[in-house]
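*Asks:* My questions all concern the structure below.
Number of protein chains: 4
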Amino acid sequence: MPGILQGDANSRSRLAAAVAAEFMGTFLFALIGGAVPAKNHQTAVCNGLALMVMIYATANISGGHLNPAVTAATLITGHTAMSRALAYMVAQVAGATLASAMHMLLVPKAAGIGCFGPGGGATLGQAFGWEVLTTMMLVMAVYSGCVGQPNFGVAGPATVGLTLLACALAAGPLSGAALNPARVLGPALVFGGCGSWAGTFTYLVGAVAAAGFSAPIYGAGPHLGRWMDAVEH
Amino acid sequence: MPGILQGDANSRSRLAAAVAAEFMGTFLFALIGGAVPAKNHQTAVCNGLALMVMIYATANISGGHLNPAVTAATLITGHTAMSRALAYMVAQVAGATLASAMHMLLVPKAAGIGCFGPGGGATLGQAFGWEVLTTMMLVMAVYSGCVGQPNFGVAGPATVGLTLLACALAAGPLSGAALNPARVLGPALVFGGCGSWAGTFTYLVGAVAAAGFSAPIYGAGPHLGRWMDAVEH
Amino acid sequence: MPGILQGDANSRSRLAAAVAAEFMGTFLFALIGGAVPAKNHQTAVCNGLALMVMIYATANISGGHLNPAVTAATLITGHTAMSRALAYMVAQVAGATLASAMHMLLVPKAAGIGCFGPGGGATLGQAFGWEVLTTMMLVMAVYSGCVGQPNFGVAGPATVGLTLLACALAAGPLSGAALNPARVLGPALVFGGCGSWAGTFTYLVGAVAAAGFSAPIYGAGPHLGRWMDAVEH
Amino acid sequence: MPGILQGDANSRSRLAAAVAAEFMGTFLFALIGGAVPAKNHQTAVCNGLALMVMIYATANISGGHLNPAVTAATLITGHTAMSRALAYMVAQVAGATLASAMHMLLVPKAAGIGCFGPGGGATLGQAFGWEVLTTMMLVMAVYSGCVGQPNFGVAGPATVGLTLLACALAAGPLSGAALNPARVLGPALVFGGCGSWAGTFTYLVGAVAAAGFSAPIYGAGPHLGRWMDAVEH
Numbered sequence: 001m002p003g004i005l006q007g008d009a010n011s012r013s014r015l016a017a018a019v020a021a022e023f024m025g026t027f028l029f030a031l032i033g034g035a036v037p038a039k040n041h042q043t044a045v046c047n048g049l050a051l052m053v054m055i056y057a058t059a060n061i062s063g064g065h066l067n068p069a070v071t072a073a074t075l076i077t078g079h080t081a082m083s084r085a086l087a088y089m090v091a092q093v094a095g096a097t098l099a100s101a102m103h104m105l106l107v108p109k110a111a112g113i114g115c116f117g118p119g120g121g122a123t124l125g126q127a128f129g130w131e132v133l134t135t136m137m138l139v140m141a142v143y144s145g146c147v148g149q150p151n152f153g154v155a156g157p158a159t160v161g162l163t164l165l166a167c168a169l170a171a172g173p174l175s176g177a178a179l180n181p182a183r184v185l186g187p188a189l190v191f192g193g194c195g196s197w198a199g200t201f202t203y204l205v206g207a208v209a210a211a212g213f214s215a216p217i218y219g220a221g222p223h224l225g226r227w228m229d230a231v232e233h
Numbered sequence: 234m235p236g237i238l239q240g241d242a243n244s245r246s247r248l249a250a251a252v253a254a255e256f257m258g259t260f261l262f263a264l265i266g267g268a269v270p271a272k273n274h275q276t277a278v279c280n281g282l283a284l285m286v287m288i289y290a291t292a293n294i295s296g297g298h299l300n301p302a303v304t305a306a307t308l309i310t311g312h313t314a315m316s317r318a319l320a321y322m323v324a325q326v327a328g329a330t331l332a333s334a335m336h337m338l339l340v341p342k343a344a345g346i347g348c349f350g351p352g353g354g355a356t357l358g359q360a361f362g363w364e365v366l367t368t369m370m371l372v373m374a375v376y377s378g379c380v381g382q383p384n385f386g387v388a389g390p391a392t393v394g395l396t397l398l399a400c401a402l403a404a405g406p407l408s409g410a411a412l413n414p415a416r417v418l419g420p421a422l423v424f425g426g427c428g429s430w431a432g433t434f435t436y437l438v439g440a441v442a443a444a445g446f447s448a449p450i451y452g453a454g455p456h457l458g459r460w461m462d463a464v465e466h
Numbered sequence: 467m468p469g470i471l472q473g474d475a476n477s478r479s480r481l482a483a484a485v486a487a488e489f490m491g492t493f494l495f496a497l498i499g500g501a502v503p504a505k506n507h508q509t510a511v512c513n514g515l516a517l518m519v520m521i522y523a524t525a526n527i528s529g530g531h532l533n534p535a536v537t538a539a540t541l542i543t544g545h546t547a548m549s550r551a552l553a554y555m556v557a558q559v560a561g562a563t564l565a566s567a568m569h570m571l572l573v574p575k576a577a578g579i580g581c582f583g584p585g586g587g588a589t590l591g592q593a594f595g596w597e598v599l600t601t602m603m604l605v606m607a608v609y610s611g612c613v614g615q616p617n618f619g620v621a622g623p624a625t626v627g628l629t630l631l632a633c634a635l636a637a638g639p640l641s642g643a644a645l646n647p648a649r650v651l652g653p654a655l656v657f658g659g660c661g662s663w664a665g666t667f668t669y670l671v672g673a674v675a676a677a678g679f680s681a682p683i684y685g686a687g688p689h690l691g692r693w694m695d696a697v698e699h
Numbered sequence: 700m701p702g703i704l705q706g707d708a709n710s711r712s713r714l715a716a717a718v719a720a721e722f723m724g725t726f727l728f729a730l731i732g733g734a735v736p737a738k739n740h741q742t743a744v745c746n747g748l749a750l751m752v753m754i755y756a757t758a759n760i761s762g763g764h765l766n767p768a769v770t771a772a773t774l775i776t777g778h779t780a781m782s783r784a785l786a787y788m789v790a791q792v793a794g795a796t797l798a799s800a801m802h803m804l805l806v807p808k809a810a811g812i813g814c815f816g817p818g819g820g821a822t823l824g825q826a827f828g829w830e831v832l833t834t835m836m837l838v839m840a841v842y843s844g845c846v847g848q849p850n851f852g853v854a855g856p857a858t859v860g861l862t863l864l865a866c867a868l869a870a871g872p873l874s875g876a877a878l879n880p881a882r883v884l885g886p887a888l889v890f891g892g893c894g895s896w897a898g899t900f901t902y903l904v905g906a907v908a909a910a911g912f913s914a915p916i917y918g919a920g921p922h923l924g925r926w927m928d929a930v931e932h
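Residue numbers (the numbering used here), protein chains in the order written: chain A, 1 to 233; chain B, 234 to 466; chain C, 467 to 699; chain D, 700 to 932.
Right, dumping it as structure tokens:
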């Protein structure tokens, strides 16, 4: 009997397993990453490693996006089909939202946990700048480590997770270091916009912009990688 | 002359070496992981890395379970035989118990060291929820990294250890982040239930529940991995 | 359509892509590594991991030098041609300078951020000693992990980044642990010599000396590695 | 022109290169690992990672022992010849001693830096117990990751370094977590026994005992690994 994360031979069943993997992976990533109590370097370490292990856990099933910005970038460069991209994004946001709902059950004084916003005296514009640049760096790690040809095979997911870790150590005190629209939308939907729907919207625009900027860096087409091949077929 | 952790060609000798590896691996993992003095992020880092290196040290001998929840999950999905599973679990609990006894010898003011229980204002029910979800995440890492086909080969044990590290950073302050019935039972047997046999029992139920929930996620049968193949034969 | 980081088949286009990769990689490495607010172990972790992931991101395009000391050492040992070496160094310094300029935009109270200099009671001479020895260690990691034959393939960039991390934990409080002339020059150009052009010059001399000392350690010639092969052709 | 760390084809030249690698690797490991100012978890992280990267840097030249306890264990199990083992141990102690001498030059208020001894209320006997058990764990990681067949190839040196990191987090506050006679002898020779020659001698006995205990665990003979093969020939 195949498990939830395994599809039968036909491609419809395989797509369903991939969407389930994106949902579960993003749920567990956001559940763990959003719950770290201390807002300091532990948050960076926990989020980077939680992303890394969940990419490993889902890479061979869905490609391990776990992030609408990654899905959007690979959609733009032709590595992910439109229907699959939409299904992934819905699953990612649903997973992150469930994580925030679970925080209300499992964390004492949970209000606002997992929310993102500027800090350390930074303006919303400065936080926006950090989100754009760090998300571009994350997408660059995805292409070089996992999508490009040649890539770094077994080390690919590690480089993506550690990129988030390093970016969160540097930009975390100023922007929160979301680098992921699902991680922004999940707590915003559960905690009433996390204090500022305008801020939430700014972060989403930053991630979309970063995905758009990333496309001309690695480009489209002939360097379609083995990993994605395995996922699509 | 083969060492303790090497069996002769016949399978009975190989099973004995595997059980010895589970005992030694869990003993050293619990000895190191349970002794970290500061109850903060160092505990998470030490436990995650100690688990990682002990899985590497025993993976080619026993499969590197070192955790009755992992053994139970692989028993349910048909990757571990019943007799082997029982022998592993006894060895794991014995190793963790010896570690707690050793703590009494080697740590000044050792009373209660290595015990688990709710913290940070969390109820026992909330700690139970964290134990179930984080143990599921750990078992998911075991299947994707080590059991499934294709898996991540040489990176598999790293993903399992880093999952514990990330989970302990997030859930450690609330549940202690055991994710392992042997780690709960060892100190409980040595330190009189660690203050609450009901709490200890709750943690054990959580781990068994997580193993049961994990089976339908990755499923049984045709994806039996190379690693387990190597262990069984 | 190939991206910026992909060259066409002809070698002039490939060299341009490699120089672009050195620019972008050094820019993002310096942007993240130079911005960590707390001058403690977080700085070491962030810089080590940011270097690691950017080497992974550029290794298959430019060889992932991201450091004039590495380029100089491989020039001396005959692994990098003179014209390529000069182009790389210009790109590296330009990337680090842009990072410091970006810090002025994106970090509140940015003055002097990312600057290097002696600390913890160390004299400039002691800081010079640490820079020479730690840069030699970094270059040694580059040769053993990435250039030499056999090397450590997929783990090579990780060993280089973790060398910086370990060196920055030890020498960071005394010298700042630059290990990279571009990282020294970038903030010095933007923040008026970082308080001491003599100090800046001392650090640059230290890095050049380390590159010179490293050549007779690993030597030139017949052990030209696969990685560099891939980059040159 | 081959570098210092490269031997010509004849085996005498190759042995000289291996001994030079053990000297340089242990020197840089002790230089970095012994200099971390804060005696807390940063010490553990720095020492674990510095060991890891220096094993990577020397593994293909000398086997990357960098520790007389490792050399002694592989001597007992027949993986290292007696003449090579003696030369390695002399080089390791010389490297660690040079590192301590360098600390006197490069660290303000260097007296006693890098010394080991009991702490946190532990007796010398308790520190001895930790040294024996943690060194056994380290040697176990060496055999499973690097010597045994099958081993973990490219991940081997990482598992050894991370074992030291985890052990130093747990046992560091009680024993200092040397796990290495060269690291004990180096500062003791430079700083007059580090306050207690009896303590120094106890640590050396602990490491030798651990090497002796480790032999029957992994055993001798038919599982001679590829790595050592590559080194010997």
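Ideal Cβ positions, reconstructed from N, Cα and C, are used throughout, including at glycine.
These numbers were taken from a predicted model, which means no experiment stands behind them.
Note down the Cα distance separating B/A249 from B/V323, rounded to an integer number of angstroms.
*Replies:* What you label residue 249 of chain B is simply residue 16 of the second sequence in a count that begins at 1. What you label residue 323 of chain B is simply residue 90 of the second sequence in a count that begins at 1. Straight-line Cα distance between these residues: approximately 13 Å.
*Asks:* Check whether the Cβ atoms of C/A593 and C/P584 sit closer than 9 Å, and answer yes or no.
*Replies:* Sequence index remark: in the third sequence, residue 593 of chain C carries index 127 (1-based). Sequence index remark: in the third sequence, residue 584 of chain C carries index 118 (1-based). A contact, by the Cβ cut-off of 9 Å.
*Asks:* Could you tell me the distance, in whole angstroms, from the CA atom of D/T899 to the CA atom of D/G733?
*Replies:* For the purposes of this step, residue 899 of chain D is taken as the residue at position 200 of the fourth sequence. For the purposes of this step, residue 733 of chain D is taken as the residue at position 34 of the fourth sequence. Near 16 Å, if we compare the C-alpha coordinates of D/G733 and D/T899.
*Asks:* Could you tell me the boundaries of the alpha helix (DSSP H) in which A/A107 lies?
*Replies:* If you number the first sequence from 1, residue 107 of chain A lands on position 107. The residue you asked about is not Ala; residue 107 of chain A is Val in the sequence shown. Neither: A/V107 is in no alpha helix (DSSP H) and is coded neither H nor E.
*Asks:* How should C/N476 be labelled, buried or exposed, when 16 other C-beta atoms within 10 angstroms of its C-beta is the threshold for buried?
*Replies:* Residue mapping note: residue 476 of chain C aligns to position 10 of the third sequence, counting from 1. C/N476 comes out exposed.
*Asks:* DSSP three-state call for A/A94: helix, strand or coil?
*Replies:* Looking up residue 94 of chain A in the first sequence gives position 94. Note: A/A94 maps to helix in three-state DSSP.
*Asks:* How big is the Cα-Cα spacing for D/F890 and D/W896?
*Replies:* The count along the fourth sequence starts at 1 and reaches residue 890 of chain D at position 191. The count along the fourth sequence starts at 1 and reaches residue 896 of chain D at position 197. Near 11 Å, if we compare the C-alpha coordinates of D/W896 and D/F890.
*Asks:* Where does C/P653 sit, in a helix, a strand or coil, going by DSSP?
*Replies:* Stepping through the third sequence from its first residue, residue 653 of chain C is reached at position 187. It is helical.
*Asks:* Going by Cα to Cα distance, which pick from B/R416, B/G386, B/F385, B/N384 is closest to B/T368?
*Replies:* Walking along the second sequence from the start, residue 368 of chain B turns up at place 135. Checked all of B/R416, B/G386, B/F385, B/N384; the closest Cα to B/T368 is B/R416.
*Asks:* Under the assumption that A/T163 contacts A/Q92 (Cβ atoms under 8 Å), give the Cβ distance between them as a whole number of angstroms.
*Replies:* Walking along the first sequence from the start, residue 163 of chain A turns up at place 163. Walking along the first sequence from the start, residue 92 of chain A turns up at place 92. No, A/T163 and A/Q92 are not in contact; Cβ-Cβ is about 18 Å, not under 8 Å.
*Asks:* Using only the alpha-carbon positions, how far apart do C/Y522 and A/S144 sit?
*Replies:* Taking the first residue of the third sequence as position 1, residue 522 of chain C is located at position 56. Taking the first residue of the first sequence as position 1, residue 144 of chain A is located at position 144. Between C/Y522 and A/S144, the C-alpha separation is close to 7 Å.
*Asks:* Give the range of the alpha helix (DSSP H) segment to which D/Y842 is assigned.
*Replies:* For the purposes of this step, residue 842 of chain D is identified with residue 143 of the fourth sequence, where counting begins at 1. From DSSP, D/Y842 is part of no alpha helix (DSSP H); its letter is neither H nor E.
*Asks:* Once the 5 residues before and after C/E488 are set aside, which same chain residues still bring their CB inside 6 Å of it?
*Replies:* Locating residue 488 of chain C in the third sequence gives position 22, where the first residue counts as 1. Excluding positions up to five away in sequence, the list reads S528, Y554, A557, Q558.
*Asks:* Taking CB distances under 9 Å as the criterion, tell me whether A/T135 reaches chain B.
*Replies:* Within the first sequence, numbered from 1, the residue matching residue 135 of chain A stands at position 135. False, the Cβ-Cβ gap to chain B never drops below 9 Å.
*Asks:* Chain A beta carbons: is any one of them nearer than 9 Å to that of B/G266?
*Replies:* Counting from 1 along the second sequence, the entry for residue 266 of chain B is found at position 33. With 9 Å as the cut-off, B/G266 does not count as an interface residue toward chain A.
*Asks:* Could you confirm whether any beta carbon from chain B is found closer than 9 Å to the beta carbon of A/I61?
*Replies:* Within the first sequence, numbered from 1, the residue matching residue 61 of chain A stands at position 61. Yes, A/I61 counts as interfacial toward chain B.
*Asks:* For a test of the three-state rule: what should DSSP assign to D/C866, helix, strand or coil?
*Replies:* Locating residue 866 of chain D in the fourth sequence gives position 167, where the first residue counts as 1. Reduced to three states, the DSSP call for D/C866 is helix.
*Asks:* Hey, does D/G894 have any beta-carbon neighbour from chain C nearer than 9 Å?
*Replies:* Looking up residue 894 of chain D in the fourth sequence gives position 195. Cβ-Cβ to chain C under 9 Å: no for D/G894.
*Asks:* Nearest-angstrom Cα distance between C/L670 and C/A636?
*Replies:* Stepping through the third sequence from its first residue, residue 670 of chain C is reached at position 204. Stepping through the third sequence from its first residue, residue 636 of chain C is reached at position 170. Cα to Cα, C/L670 sits roughly 20 Å from C/A636.
*Asks:* Among the residues of its own chain, which have a CB less than 8 Å from the CB of D/G894, if the five just before and after it don't count?
*Replies:* Taking the fourth sequence and counting its residues from 1, the one referred to as residue 894 of chain D is at position 195. Contacts found: G811, C814, G816.
*Asks:* Just to confirm, are B/M257 and B/P390 a CB contact at a threshold of 9 Å?
*Replies:* Position 24 of the second sequence, counting from 1, holds the residue named residue 257 of chain B. Position 157 of the second sequence, counting from 1, holds the residue named residue 390 of chain B. Cβ distance not < 9 Å, so B/M257 and B/P390 don't count as in contact.
*Asks:* Please state whether DSSP places B/N293 in a helix, a strand or coil.
*Replies:* Taking the first residue of the second sequence as 1, we reach residue 293 of chain B at position 60. Helix.
*Asks:* Given that B/P341 touches chain D, what residues does it touch there, using C-beta distances under 9 Å?
*Replies:* In the second sequence, the residue the question calls residue 341 of chain B occupies position 108. Correct list: G819, G820, A821, T822, Q825, L873.
*Asks:* Can you give me the Cβ contacts of A/Q42 inside the same chain, cut-off strictly under 8 Å, excluding the 5 residues immediately before and after it?
*Replies:* Position 42 of the first sequence holds residue 42 of chain A. Hits under 8 Å: V36.
*Asks:* Which term fits A/S214, buried or exposed, when burial requires 16 or more other beta carbons within 10 angstroms of its beta carbon?
*Replies:* Working through the first sequence from its first residue, we reach residue 214 of chain A at position 214. Its Cβ being crowded by 16 or more others within 10 Å, A/S214 is buried.
*Asks:* Should B/T356 go down as buried or exposed, given a rule of 16 or more other Cβ atoms within 10 Å for buried?
*Replies:* Reading the second sequence from its first residue, position 123 is the one you call residue 356 of chain B. Exposed: under 16 other Cβ atoms inside 10 Å.
*Asks:* Straight-line CA distance for A/L185 to A/H103?
*Replies:* Here residue 185 of chain A refers to the residue found at position 185 when the first sequence is read from its first residue. Here residue 103 of chain A refers to the residue found at position 103 when the first sequence is read from its first residue. Each residue's Cα considered, the two are about 15 Å apart.
*Asks:* Tell me whether A/G125 is buried or exposed, calling it buried when 16 or more other Cβ atoms sit within 10 Å of its Cβ.
*Replies:* By one-based count along the first sequence, residue 125 of chain A stands at place 125. Exposed is the call here.
*Asks:* At least one CB of chain B closer than 9 Å to the CB of A/Y56: is that the case?
*Replies:* Position 56 of the first sequence holds residue 56 of chain A. Interface residue, yes.
*Asks:* Does the beta carbon of B/P390 sit closer than 9 Å to a beta carbon anywhere in chain A?
*Replies:* Sequence index remark: in the second sequence, residue 390 of chain B carries index 157 (1-based). No, B/P390 does not count as interfacial toward chain A.
*Asks:* Going by other Cβ atoms of all chains shown within 10 Å of its Cβ, with 16 needed for buried, is B/S408 buried or exposed?
*Replies:* Mapped onto the second sequence, residue 408 of chain B falls at position 175. Under this definition B/S408 is a buried residue.
*Asks:* Can you have a look at A/L105 and say buried or exposed, based on whether 16 or more other CB atoms are within 10 angstroms of its CB?
*Replies:* For this step, residue 105 of chain A is matched to residue 105 along the first sequence. Exposed, since its Cβ has fewer than 16 Cβ neighbours within 10 Å.
*Asks:* Going by alpha carbons, who is nearest to D/L878 out of D/P886, D/T858, D/A887, D/V907?
*Replies:* Counting from one through the fourth sequence, the residue named residue 878 of chain D turns up at place 179. Residue D/V907 is the option with its Cα nearest to D/L878.
*Asks:* What did DSSP end up calling A/H65 once you bin it into helix, strand or coil?
*Replies:* For this step, residue 65 of chain A is matched to residue 65 along the first sequence. A/H65 falls in the coil class under three-state DSSP.
*Asks:* Establish whether the CB of C/N617 and some CB of chain D are separated by less than 9 Å.
*Replies:* Position 151 of the third sequence, counted from the start, is the residue given in the question as residue 617 of chain C. Yes, C/N617 lies at the interface with chain D (some Cβ there is under 9 Å from its Cβ).
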